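Novice: Residues 0 to 350, numbered by numbering that gives the first Met the number 0, are exactly what the sequence shown covers, in order.
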Amino acid sequence: MHYRVLSTSDETAWHRYLDSIPHKTLVHYPCYARIYERYGDGAAECFVYEDGDSLVLYPYLRRLVPEAASCSDIITPYGYGGFIYRCEPNRFPKNLIADFRQAFEEYACSTRTISEFVRFHPLLANHEHCIGLMDHVKLSSNNIFLDLRVGKNALFQGYRRSYKTCLRKAENSGVTVDFASHDWPLDAFFNMYHINMEDKKQTGYFNFRRSFLDGLAEEIPNNLLSVVARCGSEILSGALFLQSERFLDYFLAASDLSNLKLYPNHFLIHKTADWAIDNGFEFLQLGGGHESLLFFKHGFGNDYRPYYIGTHVFDSDTYKSLSVAHWLRNDQQLTSDNAYFPAYRAEFPTD
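This is how it looks when you write it as structure tokens:
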């Protein structure tokens, strides 16, 4: 048994390990981690655990904690990730993951890592073997996905009845959809996205800066599907999808709020599902979201997969002292029912 820790500069070795693991997605590749490293979310690392012919690979971001000298915490990049593995035939995956977690915990403590936050992958269901090995593995949401293997006709028949009417209205109104990998109206999309975030009063992390979109376009040009709905020369909506081997993920979307009556988002997702079937994808993951967004996505199908997150504290004393101090600085009282993790990074409203 041994482990090593890679950075994005160790791309050749990182790819070599990935090549030997059967089930993986774009999120597990160094190019994806580099997007968030460039964006300032932390230093990308990939913990590789090997034992005989078994292997576990775990990419994440390491973030410095300014209030604690030489301490840090780790978080998986935005998107669905977590660890992936290759398990030799005579070994139970649960036992492999238990051994991996023991080695990782030792490494985390030796590097003064305070806490860990993991976004697991709903379709890989890689949370299952971590139950009991992390402090908390809990359901975050039920995410909608479309099983593209059923074919176009069966998929369409599964749409909500009103959606079929919406699609006819969009087509009769002259709405069209363009697909591109590289050349597409990034400026227009960013402007729409920024307006949408303002409309939702979203000022936090998900109000991405333009540099984030540039990072996507530069780091994963061959895995980024850009889709635009138009009426004539006017852009009505746009979306970015992440392409993996079998999965297409609905990643970011934006709309011209004055043209929603033309149902561009309905039409865009429908046409993207058709495109994905033509191009050999097996699943289109629409994700979750707040109640109204989930209702919108649910209109395309009734299939869902549970999306889990995992949290773990390696250094409970430091975690507690940092959290209490952070909440006191913001005139808040830290309670046991606080849902924000890690608590010492909780964001509070400002006047």
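Here a beta-carbon is modelled for each residue, glycine too, at the ideal position from N, C-alpha and C.
Every value quoted in this text rests on a predicted model; they were computed, and no experiment measured them.
Classify Q332 as helix, strand or coil using the three-state DSSP reduction.
Specialist: In the sequence shown, the residue the question calls residue 332 occupies position 333. If DSSP states are grouped into helix, strand and coil, Q332 belongs with coil.
Novice: Compare the C-alpha of Y57 against each of I34, D273 and V26 and name the closest.
Specialist: Walking along the sequence shown from the start, residue 57 turns up at place 58. When only C-alpha atoms are compared, the closest one is V26.
Novice: Tell me which residues share the same chain as D177 and place their Cβ nearer than 6 Å to its Cβ, disregarding the 5 neighbours each side in the sequence.
Specialist: In the sequence shown, residue 177 corresponds to position 178, counting from 1. V227.
Novice: Run through DSSP, which three-state label would F46 get?
Specialist: Residue mapping note: residue 46 aligns to position 47 of the sequence shown, counting from 1. Looking at F46 - three-state DSSP - the assignment turns out to be strand.
Novice: Confirm, please, whether the CB-CB distance from L166 to F266 is below 8 Å.
Specialist: Here the question's residue 266 lines up with position 267 in the sequence shown. Here the question's residue 166 lines up with position 167 in the sequence shown. Yes; because the gap between Cβ atoms is below 8 Å, this pair is in contact.
Novice: For D255, is the classification buried or exposed, using 16 other Cβ atoms within 10 angstroms of its Cβ as the cut-off for buried?
Specialist: For this step, residue 255 is matched to residue 256 along the sequence shown. The residue in question, D255, is buried, as its Cβ has 16 or more Cβ neighbours within 10 Å.
Novice: Distance, Cα to Cα, Y414 vs I113?
Specialist: Residue 414 falls outside the range modelled here, since the chain spans only 0 to 350, and no answer is possible.
Novice: Please work out which residues of its chain come closer than 6 Å, Cβ to Cβ, to D314, disregarding the five sequence neighbours upstream and downstream, and give them in chain order.
Specialist: On the sequence shown, position 315 is the one that residue 314 refers to. Counting only Cβ-Cβ distances below 6 Å, and skipping sequence neighbours, we find I113.
Novice: CA-CA distance, N278 and V174?
Specialist: Taking the first residue of the sequence shown as position 1, residue 278 is located at position 279. Taking the first residue of the sequence shown as position 1, residue 174 is located at position 175. Roughly 22 Å between the two C-alpha positions.
Novice: Quick check: the Cα distance between L147 and F189, rounded to an integer number of angstroms?
Specialist: Translated into the one-based positions of the sequence shown, residue 147 becomes position 148. Translated into the one-based positions of the sequence shown, residue 189 becomes position 190. One C-alpha to the other measures close to 29 Å.
Novice: Taking Y106 as the reference, give the member of R61, I143, N141 and R118 with the closest Cα.
Specialist: As a working note, residue 106 is residue 107 in the sequence shown. The residue with the shortest Cα to Cα distance from Y106 is R61.
Novice: Can you check whether the CB of F116 is closer than 8 Å to the CB of F340?
Specialist: The sequence position of residue 340 within the sequence shown is 341, counting from 1. The sequence position of residue 116 within the sequence shown is 117, counting from 1. Their beta carbons are under 8 Å apart, which means F340 touches F116 by this criterion.
Novice: By the three-class DSSP mapping on this structure, what secondary structure does N89 have?
Specialist: Along the sequence shown, read from residue 1 onward, the residue named residue 89 stands at position 90. Correct three-state label for N89: coil.
Novice: Where Y351 and E36 are concerned, what is the direct C-alpha to C-alpha distance, given to the nearest angstrom?
Specialist: No answer is possible for residue 351: the residues shown for the chain start at 0 and end at 350.
Novice: Cα separation between A252 and R90?
Specialist: Translated into positions along the sequence shown, residue 252 becomes position 253. Translated into positions along the sequence shown, residue 90 becomes position 91. Each residue's alpha carbon lies about 42 Å from the other.
Novice: Which runs of the beta strand (DSSP E) spanning at least 3 residues fall entirely within the stretch 133 to 219, listed in chain order?
Specialist: DSSP runs (the beta strand (DSSP E)) wholly in the stretch 133 to 219: 135 to 146 and 174 to 179.
Novice: Can you give me the Cβ contacts of H269 inside the same chain, cut-off strictly under 6 Å, excluding the 5 residues immediately before and after it?
Specialist: In the sequence shown, counting from the first residue as 1, residue 269 sits at position 270. Within the same chain, H269 has close Cβ partners L166.
Novice: For a quick check, are the C-beta atoms of L235 and N258 less than 8 Å apart?
Specialist: Numbered from 1 along the sequence shown, position 236 holds the residue referred to as residue 235. Numbered from 1 along the sequence shown, position 259 holds the residue referred to as residue 258. In contact: L235 and N258 (Cβ atoms closer than 8 Å).
Novice: Here's a check: name, in chain order, each residue in its chain whose Cβ is nearer than 6 Å to the Cβ of R357, leaving out the five neighbours to either side.
Specialist: This structure gives no information on residue 357, because the portion of the chain shown stretches from 0 to 350.
Novice: In or out: R328 buried (at least 16 other Cβ within 10 Å) or exposed?
Specialist: Along the sequence shown, one-based indexing puts residue 328 at 329. Its Cβ having fewer than 16 others within 10 Å, R328 is exposed.
Novice: Measuring only the C-alpha atoms, how far is P220 from D134?
Specialist: By one-based count along the sequence shown, residue 220 stands at place 221. By one-based count along the sequence shown, residue 134 stands at place 135. Distance between the alpha carbons of P220 and D134 is about 37 Å.
Novice: Could you tell me the distance, in whole angstroms, from the CA atom of I130 to the CA atom of F250?
Specialist: Position 131 of the sequence shown, counting from 1, holds the residue named residue 130. Position 251 of the sequence shown, counting from 1, holds the residue named residue 250. Using only the alpha carbons, I get a separation of about 27 Å.
Novice: Any idea which residues DSSP pairs F246 with across the strands?
Specialist: Working through the sequence shown from its first residue, we reach residue 246 at position 247. Answer by DSSP bridge pairing, in chain order: F282.
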